[in-house]
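Colleague:
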Amino acid sequence: MDREDQGDRPDTPEDGASWFRFPPWANYLVPAGVLLAIGVLTYIPLLLSLALSPVTTDVGYQPKQPVPFSHKVHAGDLKIDCRYCHSTVEQTAFAAVPPTQTCMNCHAAIKAESPLLEPVRSSYTDGTAVAWVKVHDLPDFVYFNHSAHINQGIGCATCHGRIDQMEEVWQSQPVSMGWCLNCHRAPEQHLRPRDQITRMDWDPLAMAGRAQSELGSALKTSLHIQSMETMTSCTTCHR
Amino acid sequence: MSQVAAENDAADRSGWWRGLEELASAPEVKAWLEKEYPGVAWRGRDGTDRRDFLRLMAASLALGGFTLTGCRRWPREEIRPHAAQPEGTAPGVPLHYATMFELDGVATGLLAKSYDGRPVKIEGNPLHPGSLGAADALMQASVLELYDPERSRAVLWRDPAGGPALQPSEKSWPEFDLFFGARCRKLRERQGAGLAVLAQPSGSPTWQRLREEFQVSLPKACWFEYQPFTHSSEYEGSRSAWGRVLRPQYRLDKASVIAAFDADPLGTHPARLRLARDWAAGRHNVDQGTCNRLYVVEPGFTITGSVADCRLAVAPSAVARCVGWLAARWGLIDGVPASITAREHQFLERLANDLEAARGAGVVLAGPAQSAEVHQLVHAINHRLGNPATTIGYSEEPLAAASGNSGSITGLSRLLEGNVVTTLVVVGGNPVFDGPADAPLRLGAGAGREFAAIHLSLHDNETSHECEWSVPAAHFLECWGDGRGWDGTHTLQQPLIQPLFGGRSQIGFLAGILGRGPDGRDLVRTTFNRLFPAAQDADWDKALHDGLVADSQFAQVDPGAPKVNRAVLLDETGGRELRLAIDHKVHDGRFANNAWLQELPDPLTKLAWDNAVMISPADAGALGLQQGQVVRLSAAGGESRVLVEAAVYILPGHADGCVTLPAGYGRKLGGHVGAGVGFGCGPLRTTANPWTVADVIVEKTGRHYPLAITQMHHIAPSIADVALDRRLGKKGEPGLLVHEALFSEFQHDSHAVHGHARMPCIRRRSLTRLWCPRHDTAGAWRST
Numbered sequence: 010m011d012r013e014d015q016g017d018r019p020d021t022p023e024d025g026a027s028w029f030r031f032p033p034w035a036n037y038l039v040p041a042g043v044l045l046a047i048g049v050l051t052y053i054p055l056l057l058s059l060a061l062s063p064v065t066t067d068v069g070y071q072p073k074q075p076v077p078f079s080h081k082v083h084a085g086d087l088k089i090d091c092r093y094c095h096s097t098v099e100q101t102a103f104a105a106v107p108p109t110q111t112c113m114n115c116h117a118a119i120k121a122e123s124p125l126l127e128p129v130r131s132s133y134t135d136g137t138a139v140a141w142v143k144v145h146d147l148p149d150f151v152y153f154n155h156s157a158h159i160n161q162g163i164g165c166a167t168c169h170g171r172i173d174q175m176e177e178v179w180q181s182q183p184v185s186m187g188w189c190l191n192c193h194r195a196p197e198q199h200l201r202p203r204d205q206i207t208r209m210d211w212d213p214l215a216m217a218g219r220a221q222s223e224l225g226s227a228l229k230t231s232l233h234i235q236s237m238e239t240m241t242s243c244t245t246c247h248r
Numbered sequence: 173m174s175q176v177a178a179e180n181d182a183a184d185r186s187g188w189w190r191g192l193e194e195l196a197s198a199p200e201v202k203a204w205l206e207k208e209y210p211g212v213a214w215r216g217r218d219g220t221d222r223r224d225f226l227r228l229m230a231a232s233l234a235l236g237g238f239t240l241t242g243c244r245r246w247p248r249e250e251i252r253p254h255a256a257q258p259e260g261t262a263p264g265v266p267l268h269y270a271t272m273f274e275l276d277g278v279a280t281g282l283l284a285k286s287y288d289g290r291p292v293k294i295e296g297n298p299l300h301p302g303s304l305g306a307a308d309a310l311m312q313a314s315v316l317e318l319y320d321p322e323r324s325r326a327v328l329w330r331d332p333a334g335g336p337a338l339q340p341s342e343k344s345w346p347e348f349d350l351f352f353g354a355r356c357r358k359l360r361e362r363q364g365a366g367l368a369v370l371a372q373p374s375g376s377p378t379w380q381r382l383r384e385e386f387q388v389s390l391p392k393a394c395w396f397e398y399q400p401f402t403h404s405s406e407y408e409g410s411r412s413a414w415g416r417v418l419r420p421q422y423r424l425d426k427a428s429v430i431a432a433f434d435a436d437p438l439g440t441h442p443a444r445l446r447l448a449r450d451w452a453a454g455r456h457n458v459d460q461g462t463c464n465r466l467y468v469v470e471p472g473f474t475i476t477g478s479v480a481d482c483r484l485a486v487a488p489s490a491v492a493r494c495v496g497w498l499a500a501r502w503g504l505i506d507g508v509p510a511s512i513t514a515r516e517h518q519f520l521e522r523l524a525n526d527l528e529a530a531r532g533a534g535v536v537l538a539g540p541a542q543s544a545e546v547h548q549l550v551h552a553i554n555h556r557l558g559n560p561a562t563t564i565g566y567s568e569e570p571l572a573a574a575s576g577n578s579g580s581i582t583g584l585s586r587l588l589e590g591n592v593v594t595t596l597v598v599v600g601g602n603p604v605f606d607g608p609a610d611a612p613l614r615l616g617a618g619a620g621r622e623f624a625a626i627h628l629s630l631h632d633n634e635t636s637h638e639c640e641w642s643v644p645a646a647h648f649l650e651c652w653g654d655g656r657g658w659d660g661t662h663t664l665q666q667p668l669i670q671p672l673f674g675g676r677s678q679i680g681f682l683a684g685i686l687g688r689g690p691d692g693r694d695l696v697r698t699t700f701n702r703l704f705p706a707a708q709d710a711d712w713d714k715a716l717h718d719g720l721v722a723d724s725q726f727a728q729v730d731p732g733a734p735k736v737n738r739a740v741l742l743d744e745t746g747g748r749e750l751r752l753a754i755d756h757k758v759h760d761g762r763f764a765n766n767a768w769l770q771e772l773p774d775p776l777t778k779l780a781w782d783n784a785v786m787i788s789p790a791d792a793g794a795l796g797l798q799q800g801q802v803v804r805l806s807a808a809g810g811e812s813r814v815l816v817e818a819a820v821y822i823l824p825g826h827a828d829g830c831v832t833l834p835a836g837y838g839r840k841l842g843g844h845v846g847a848g849v850g851f852g853c854g855p856l857r858t859t860a861n862p863w864t865v866a867d868v869i870v871e872k873t874g875r876h877y878p879l880a881i882t883q884m885h886h887i888a889p890s891i892a893d894v895a896l897d898r899r900l901g902k903k904g905e906p907g908l909l910v911h912e913a914l915f916s917e918f919q920h921d922s923h924a925v926h927g928h929a930r931m932p933c934i935r936r937r938s939l940t941r942l943w944c945p946r947h948d949t950a951g952a953w954r955s956t
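As they're listed, the protein sequences go chains A and B.
Mapped onto this note's numbering, the consecutive letters of the first sequence carry residue numbers 10 to 248.
Mapped onto this note's numbering, the consecutive letters of the second sequence carry residue numbers 173 to 956.
As structure tokens, then:
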């Protein structure tokens with residue numbers, strides 16, 4: 010190798026000055042450069058389109074749950090209030106998924122033999138948890154607090170969509186940072202009276218007789234919604 | 173350190189300085205300040221410096237960002253709600269429980285915060301008289317100890333025939349119970365003959381009840397207690413003064429003159445949190461011109477010494493002669509110590525006048541390292557000055573009752589040599605590491621010896637490695653228990669979590685030896701019912717909620733006049749003495765594997781991760797020692813001299829003629845964090861000298877040991893000047909922290925000292941609401 014390297018070295022010109030000469034492997038630079046340019050030109054649009062696609066933001070994400078619990082039946086047809094099961098939503102950051110006991114309050118008598126409810130019954134008898142799959146999964150560096158939103162006039166359906174029409178829950182909003190900020194910058198577009206929070210078919214014009222912007226601005230004052238600086242500050246959500 | 177303070181700019185600015193190096197403006201400090209980030213040693217062994225490190229990290233992050241994250245799937249997460257929601261809980265809402273922490277036999281009430289069933293934070297229990305809402309570093313860090321992955325995780329069996337290199341084999345609890353249950357049954361049939369228990373002193377009423385039952389039902393068994401930092405001289409002094417062992421209950425808030433002789437009431441005393449609060453209460457009225465005065469005579473530098481108004485640094489034996497001089501002054505003993513120096517004389521004269529003037533409102537304390545004679549004299553001095561009426565109360569010492577009818581570790585050492593013991597149960601502790609060198613424990617089985625040693629321990633430590641069985645203990649946050657505060661308050665310990673590694677509590681284990689069920693709650697409740705026969709279920713609930721039983725202090729006793737041995741002469745002067753001190757971080761070594769504590773700088777030396785032998789600047793100069801130089805300490809022991817090596821820390825304010833070495837370091841099997849940190853005192857500790865080793869020779873070695881000292885951090889002038897000026901103020905002007913004024917100005921206007929400075933406003937926290945087992949207090953469980 011050493012000997013060959015020495016052989017390849019450019020000859021020293023006779024007048025003593027040296028000039029630069031491309032080594033033979035430089036011939037490959039041109040195709041390599043072309044390939045790289047093509048790669049970059051495909052990579053960037055691909056990256057952007059993937060990052061912004063609903064697949065990435067998880068809209069429509071509908072995992073299979075251990076029990077095919079139908080929100081349409083419970084919240085829609087039977088009109089059970091959200092807070093009957095998600096009982097901690099007004100007090101805590103986490104809207105509790107109900108303990109098995111809550112299911113069995115009714116299902117001890119109703120559909121007590123249904124094979125679909127077998128995981129619930131076995132959980133009740135042996136005390137192990139039902140492993141529900143999380144649908145709305147925020148990154149761990151986001152501090153989301155349900156009670157802060159519920160008590161400040163943001164309805165369930167604003168983020169979760171028409172749960173009362175979903176057989177099995179799927180994600181209806183992107184739940185991305187941009188989506189969060191849309192509302193944090195203009196909360197008046199989404200505020201509603203606190204007694205209408207769990208109402209799925211809330212319509213300000215039909216039910217309160219006022220346009221959303223007008224109602225929202227009034228609620229923004231009466232509910233003491235924070236200033237835009239606070240609402241969009243990094244530490245409001247990333248603590 | 174040369175005296176060049178005058179031309180130093182840092183010290184000149186305000187007269188305040190932060191370290192000897194700064195005072196002397198040593199060239200190392202200047203060079204150090206010129207570095208970009210002082211104190212941050214980036215260049216490692218492989219030659220990677222900070223810039224290289226950041227460059228590599230940036231490159232790898234970029235690579236990771238381009239390749240790895242894009243391919244990563246969003247993790248599928250599950251929500252597993254309770255099958256049956258426990259009453260009063262909501263997911264994600266922390267709950268607080270009252271529990272306790274026992275150290276050296278004294279319980280301190282705590283509030284533990286639990287987040288979804290996981291203990292995450294410790295604070296003091298405001299209701300507990302030993303805490304008043306405060307928790308010290310050891311208590312705070314106990315949360316990390318709970319989750320220490322190197323805790324003993326399973327029952328380990330070491331084949332006695334296998335030798336030290338053999339790997340232990342993992343056994344299950346049923347396997348252990350099969351062996352141990354059969355062994356205990358056999359021992360019970362023989363009334364305990366052949367059984368020995370070695371435990372640490374504990375004030376737990378349940379523990380003491382079980383121990384008494386143990387001694388009744390197994391009369392031939394032997395009970396031994398040992399802790400490295402013994403209080404036996406205190407007990408001895410009290411016994412010779414009154415014929416019984418009494419525990420002094422100091423009321424520092426009522427004292428106007430406090431004299432601490434080699435005592436550290438604010439730093440290492442078992443009731444330190446309460447004593448510090450009381451002492452501070454006596455200083456709140458400084459603006460009215462009445463303020464307690466603290467005199468400290470001590471060899472090393474303690475937290476108490478650091479806040480003393482008048483401090484005298486003398487060697488341990490000289491502390492004794494100072495007490496002797498005081499006693500002689502009030503005619504309590506005949507011989508006046510002749511070796512008292514002029515400096516000591518001047519100090520003691522002032523102290524004596526102050527104590528005289530404050531008759532009935534003074535306190536004289538002596539530390540556990542001082543001899544029984546000193547303690548006896550201190551009791552006599554307090555009595556002569558009429559202090560016991562107001563500033564000192566006495567109660568029976570519950571920990572002495574145990575040591576009274578049980579043997580010492582020396583007795584056990586002899587017993588083990590004699591092949592009489594067939595079963596040794598070591599409950600907690602680590603006597604192989606911290607036991608005295610002249611009482612070695614022969615824990616191996618050996619040929620033809622029917623012997624099994626069982627160690628119940630939080631960690632598989634030095635002692636466990638020599639025992640046949642190593643059994644995991646439960647952490648205090650995992651099990652039931654009880655204890656007594658320094659003042660005797662009955663304190664309850666309730667578990668916040670199931671034992672993570674299946675450990676057993678000490679009381680449960682002892683109950684197992686007696687053939688009882690190990691249910692800790694039952695054991696604690698039985699004790700509670702016996703101590704408070706009138707208590708109802710509601711009282712138990714309340715005690716559990718509060719963490720203590722109100723008004724359950726020890727009964728105060730009036731011991732009368734203490735006897736004095738008039739002939740005692742405390743006048744010996746010897747060679748250089750070595751003081752073994754309790755460490756503020758690892759205590760006696762048991763907290764060595766706690767990285768929070770190791771990382772914490774020592775309150776006085778600002779040393780992190782190591783200990784060092786502390787020496788006065790004058791002695792260091794005489795011996796030609798530099799900071800961080802390794803010295804050899806040797807003392808007479810057996811036929812040859814025993815020695816240990818340790819790095820030197822030059823501590824201004826340390827007494828000349830003695831050195832101090834905090835114990836608890838140099839662990840061999842301390843875990844990943846604790847092993848090999850610092851310097852052990854190993855062979856220097858003997859039964860005769862648990863605290864102070866006489867005639868120690870300090871020799872220089874050529875080696876140097878890098879000590880991590882945070883004292884001089886953040887003094888870089890460009891960054892810190894503004895902040896420093898704000899805190900210290902200009903010369904003669906009050907700063908944020910340091911307020912100074914001339915006494916004449918202060919007398920004219922007591923607020924002059926504060927100037928425009930405003931003390932940071934401390935908001936009083938509202939009381940944390942605790943989990944409550946009662947139904948009629950709905951809502952009280954939720955934390956705020």
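C-beta atoms are modelled at their ideal positions from N, C-alpha and C, and glycine is treated no differently.
Here the structure is a predicted model, which is why all the values come from computation and not from measurement.
Could you give the DSSP three-state label for residue 732 of chain B: helix, strand or coil?
Modeller: coil
Colleague: Under a CB-based cut-off of 9 angstroms, is residue 107 of chain A close to chain B?
Modeller: yes
Colleague: For residue 1030 of chain B, report the span of its alpha helix (DSSP H) as first-last.
Modeller: For chain B, the structure presents residues 173 to 956; residue 1030 of chain B sits outside this window and is missing.
Colleague: I'd like to know if residue 93 of chain A contacts chain B, where contact means its C-beta is closer than 9 angstroms to some C-beta of that chain.
Modeller: no
Colleague: Compare the C-beta of residue 143 of chain A against all C-beta atoms of chain B and say whether one is closer than 9 angstroms.
Modeller: yes
Colleague: Is the beta carbon of residue 137 of chain B sitting closer than 9 angstroms to the one on residue 370 of chain B?
Modeller: The requested residue 137 of chain B does not occur in the structure, where chain B is confined to residues 173 to 956.
Colleague: What is the C-beta distance between residue 99 of chain A and residue 154 of chain A, in whole angstroms, given that I count them as a contact (C-beta under 8 angstroms)?
Modeller: Wrong, their Cβ atoms sit about 11 angstroms apart, outside the cutoff.
Colleague: Do we get a CB-CB distance below 9 angstroms when we pair residue 958 of chain B with the residues of chain A?
Modeller: With chain B covering 173 to 956 only, the question about residue 958 of chain B has no answer from this structure.
Colleague: Less than 9 angstroms between CB atoms is the rule here; does residue 255 of chain B satisfy it with respect to chain A?
Modeller: yes
Colleague: Pull up the distance between the alpha-carbon of residue 316 of chain B and that of residue 286 of chain B, whole angstroms please.
Modeller: Near 14 angstroms, if we compare the C-alpha coordinates of residue 286 of chain B and residue 316 of chain B.
Colleague: What three-state label does DSSP hand residue 113 of chain A in the structure shown?
Modeller: helix
Colleague: Quick check: is the beta carbon of residue 133 of chain A nearer than 9 angstroms to any beta carbon in chain B?
Modeller: yes
Colleague: Relative to the C-alpha of residue 441 of chain B, which candidate in B:582, B:231, B:754 has its C-alpha closest?
Modeller: B:754
Colleague: May I have a chain-ordered list of the alpha helix (DSSP H) segments no shorter than 4 residues that lie completely inside the region 670-745 of chain B?
Modeller: 678-685, 692-703, 709-718
Colleague: Contact criterion: CB-CB distance below 9 angstroms. Does residue 139 of chain A meet it with respect to chain B?
Modeller: With its beta carbon less than 9 angstroms from one in chain B, residue 139 of chain A belongs to the interface.
Colleague: Report the option in B:880, B:407, B:468 whose CA atom is closest to the CA atom of residue 437 of chain B.
Modeller: The alpha carbon of residue 437 of chain B has as its nearest neighbour, out of B:880, B:407, B:468, the alpha carbon of B:468.
Colleague: Using a Cβ cut-off of 8 angstroms, which residues of the region 172-194 of chain A contact any Cβ in chain B, in chain order?
Modeller: none
Colleague: Buried or exposed for residue 787 of chain B, please, with buried defined as at least 16 other CB atoms from any protein chain shown within 10 angstroms of its CB.
Modeller: buried
Colleague: Just the Cα atoms here: how many angstroms apart are residue 402 of chain B and residue 112 of chain A?
Modeller: Distance between the alpha carbons of residue 402 of chain B and residue 112 of chain A: 59 angstroms.
Colleague: With 7 angstroms as the C-beta to C-beta threshold (strictly closer), list the residues of the region 25-55 of chain A near chain B in chain order.
Modeller: none
Colleague: Counting only beta-carbon atoms, is residue 69 of chain A nearer than 9 angstroms to chain B?
Modeller: no
Colleague: So, do the region 412-423 of chain B and the region 565-574 of chain B have three or more beta carbon pairs nearer to each other than 8 angstroms?
Modeller: As far as the Cβ criterion goes, the region 412-423 of chain B touches the region 565-574 of chain B, which means the pair count is three or higher.
Colleague: Does the distance from the CB of residue 658 of chain B to the CB of residue 383 of chain B come in under 9 angstroms?
Modeller: Result no, Cβ atoms of residue 658 of chain B and residue 383 of chain B do not sit closer than 9 angstroms.
Colleague: With DSSP run on the structure shown, which of helix, strand or coil describes residue 801 of chain B?
Modeller: strand
Colleague: Name, in chain order, the residues that DSSP records as bridge partners for residue 806 of chain B.
Modeller: For residue 806 of chain B, which the question treats as bridged, DSSP gives the partners B:815, B:869.
Colleague: Would you list, in chain order, the members of the region 97-130 of chain A that have their beta-carbon closer than 7 angstroms to a beta-carbon of chain B?
Modeller: For the region 97-130 of chain A, which is checked against every Cβ of chain B, the residues closer than 7 angstroms are 97, 100, 101, 102, 103, 105, 106, 107, 108, 109, 110.
Colleague: Got a sec, what are the start and stop residues for the alpha helix (DSSP H) residue 286 of chain B sits in?
Modeller: Looking at the DSSP string, residue 286 of chain B is not in any alpha helix (DSSP H); the run it does join, the beta strand (DSSP E), is 278-287.
Colleague: Could you give the uninterrupted runs of the beta strand (DSSP E) lying entirely in the region 247-331 of chain B, keeping only those of 3 residues or more?
Modeller: 267-275, 278-287, 290-296, 327-329
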